[in-house]
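One structure is given below, encoded as structure tokens.
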Amino acid sequence: EPEVTQTPSHQVTQMGQEVILRCVPISNHLYFYWYRQILGQKVEFLVSFYNNEISEKSEIFDDQFSVERPDGSNFTLKIRSTKLEDSAMYFCASWLEVNTDTQYFGPGTRLTVL
Amino acid sequence: SQQGEEDPQALSIQEGENATMNCSYKTSINNLQWYRQNSGRGLVHLILIRSNEREKHSGRLRVTLDTSKKSSSLLITASRAADTASYFCATKGGSEKLVFGKGTKLTVNP
């Protein structure tokens, strides 16, 4: 069964450093998402991406965040200057078609900012 | 306003018993989905129910949706120790994003 994959599974970084989290969505899916989950809290929407542009973003997704689909298969989330409060599990998800299917989530990348 | 508020926050039962978790939401939805998350792991999709459906089954799972009360329930029958996990409801409204609740932590004791 096709699945969403994410790398790395765990990323440790120093405050102020840039990180790039990578995702490979399911190949024929059209919509891509990033969510995050701070430890012990609920999963929060960050951004959605369709047709090579951001279609929706949350208040969390400020100028420090960016997303890219550089090569037609990878989908990346970049945090330019990490803060302690960016420590969380980051989930990538992909969706074939809005309203007709479910979002499939990757296993997540645990980001620890020291 | 908070969407997808589950209750109870934690539930502990014996193997073989049924587990019922509830979810309430505040705005209109297109569908509601339930996900499972084992500790520190990814989200596994369990079941999706559309706004025009009232009940759906999948194996030992039964989901109901009452749009007039803006609530849903997830029933796991004949629970197993392997069902121990956190369960989240997620609603999808007019936008693309899913809005998750805080989850119910289920513990099934062998």
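These protein sequence lines are chains U and R, in that order. Going by my numbering, the letters in the first sequence line up with residues -6 to 107, in that order. Going by my numbering, the letters in the second sequence line up with residues 92 to 201, in that order. Ideal placement from N, C-alpha and C gives every residue a C-beta, glycine not left out.
Residue state for U:L77 is assigned as helix, using DSSP reduced to three classes. Beta-bridge analysis with DSSP links R:S130 to no other residue. At least one CB of chain U lies nearer than 8 Å to the CB of R:R132. Cβ contact annotation for U:R29 (same chain, cutoff 8 Å, sequence separation greater than five): V36, E37, L39, I53, A81, M82, Y83 and F84, in chain order. Taking a Cβ-Cβ threshold of 7 Å, none of the residues of chain R is close to U:V60; the smallest such distance is about 14 Å. Using a C-beta cut-off of 8 Å, the region 39 to 48 of chain U makes no contact with the region 121 to 133 of chain R, since fewer than three inter-stretch Cβ pairs fall below that distance. Using a C-beta cut-off of 8 Å, the region 105 to 112 of chain R makes no contact with the region 15 to 26 of chain U, since fewer than three inter-stretch Cβ pairs fall below that distance. With a beta-carbon spacing of about 5 Å, R:S177 and R:K196 fall inside the 8 Å limit used to define contacts.
Counting of Cβ neighbours within 10 angstroms places U:I72 among the buried residues, the total reaching 16 or more. Rounded to whole angstroms, the gap between the alpha carbons of U:T0 and R:G192 is 26 Å.
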